[in-house]
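The structure appears right after this line, and notes come after that.
In the working numbering, the protein residues as written are 276 to 428.
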């Protein structure tokens, strides 16, 4: 085996590892929130009325479904679409006072880090691995996820 062939294989292996690392990090970052939306059966559901928003979170009064009493000062991650007075369908993260938005908008918003990772990995796949069709597919999937989250919120 020639030295140039060995360097070519090493470059492809390194770029493959970078692409896999980007996708794994995007999935892991998304799963922390997405698990509460996708696996919501058996969790406490309700509605949040947004009272105030800070730099990172919004707080408000939470009214659970059923006969449980309402609670105040529950927090949700701030997004562009959250405004004071808005009513949001939410699920409670177990053992905390944090809420996660449910429905299609909440599910797509939870997967936004994976969408960004797909777009970044597409650059590595296309440029470093020279797999242009796979790169365009990853970029299209990531872009569709990001655009879908933007329009559903």
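Note that CB positions come from ideal geometry on N, CA and C, so glycine has one too.
What's the gap between the Cα of residue i and the Cα of residue j?
i	j	result
residue 310	residue 327	26 Å
residue 369	residue 312	12 Å
residue 351	residue 286	43 Å
residue 347	residue 335	6 Å
residue 297	residue 387	13 Å
residue 372	residue 337	10 Å
residue 381	residue 428	8 Å
residue 277	residue 306	43 Å
residue 289	residue 356	39 Å
residue 344	residue 331	27 Å
residue 406	residue 304	26 Å
residue 412	residue 419	10 Å
residue 279	residue 293	21 Å
residue 426	residue 295	28 Å
residue 342	residue 349	18 Å
For the alpha helix (DSSP H) containing residue i, list its first residue and its last residue.
i	result
residue 310	278-313
residue 407	407-427
residue 395	387-402
Look at the Cβ atom of residue i, then the Cβ atom of residue j, and state whether they are nearer than 9 Å.
i	j	result
residue 397	residue 417	yes
residue 363	residue 323	yes
residue 393	residue 379	no
residue 353	residue 329	yes
residue 366	residue 315	yes
residue 291	residue 374	no
residue 402	residue 409	no
residue 325	residue 299	no
Looking only at C-alpha atoms, which of the options sits nearest to residue i?
i	options	result
residue 358	333, 371, 342	333
residue 339	356, 318, 331	318
residue 302	325, 372, 381, 389	389
residue 391	360, 424, 377, 279	424
residue 376	279, 308, 295, 293	308
Just to confirm the assignment, what range does the beta strand (DSSP E) spanning residue i have?
i	result
residue 375	373-376
residue 348	346-352
Who does residue i pair with in a DSSP beta bridge?
i	result
residue 336	324
residue 363	323
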